[in-house]
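Notes follow once the structure below has been shown.
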Amino acid sequence: MGDDRDTELADALAEVGRRVGQAMTDALERIRPTFGALAEVANRPEVRAVIERAEKAMRRRPCLCFCSWAHPADRGVCEMFDAVITAPYSSDWLGDVDVPLCAPCAAARAAHEFAEPRP
Ligand SMILES: [Zn+2]
Ligand SMILES: [Zn+2]
0 MGDDRDTELA
10 DALAEVGRRV
20 GQAMTDALER
30 IRPTFGALAE
40 VANRPEVRAV
50 IERAEKAMRR
60 RPCLCFCSWA
70 HPADRGVCEM
80 FDAVITAPYS
90 SDWLGDVDVP
100 LCAPCAAARA
110 AHEFAEPRP
């Protein structure tokens with residue numbers, strides 16, 4: 000008798016497992032066309048243009064000048080997302096690194112250093 004019940008339970012579990020598996024398959028089948036459509040949209044020229052423009056914007060280097068420390072008199076000149084040159088910078092914990100700077104900052108730093116040469 001007990002054996003029969005165990006078999007029933009096993010059958011029931013197997014049935015549940017089969018249904019869950021089927022439901023997952025159905026869900027994936029339903030999602031798949033959406034992914035296909037997305038890939039198609041991403042390949043359209045007007046969409047590619049937008050993506051390329053975003054990538055170009057991401058590539059712009061931010062100015063990493065410490066304005067208030069490097070040129071306190073001209074703090075407002077910074078063009079924060081338009082670094083055009085790098086300046087060597089020595090730091091105790093970073094060693095010698097090249098720091099991206101925007102043009103106005105580079106000029107302001109040069110002026111500041113010229114006015115107050117550091118030891
Ligand atoms: Zn600056
Ligand atoms: Zn700057």
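The sequence shown runs 0 to 118 under numbering that gives the first Met the number 0.
Just so you know, even glycine gets a beta-carbon here, dropped at the ideal spot from N, CA and C.
The structure displayed is predicted, hence computed values, not measured ones.
In terms of CA proximity to Cys64, Tyr88 leads the group Gly20, Asp95 and Tyr88. Rounded to the nearest angstrom, the gap between the Cα atoms of Asp97 and Ala48 is 32 Å. The set of residues with any CB-heavy atom separation to ligand 1 below 5 Å comprises, in chain order, Cys64, Cys66, Cys77 and Cys104. Judged by pairs of C-beta atoms under 8 Å, the segment 101 to 108 touches the segment 72 to 85, as three or more such pairs exist.
A residue is called buried when at least 16 other Cβ atoms come within 10 angstroms of its Cβ; Ala11 does not meet this threshold and is exposed.
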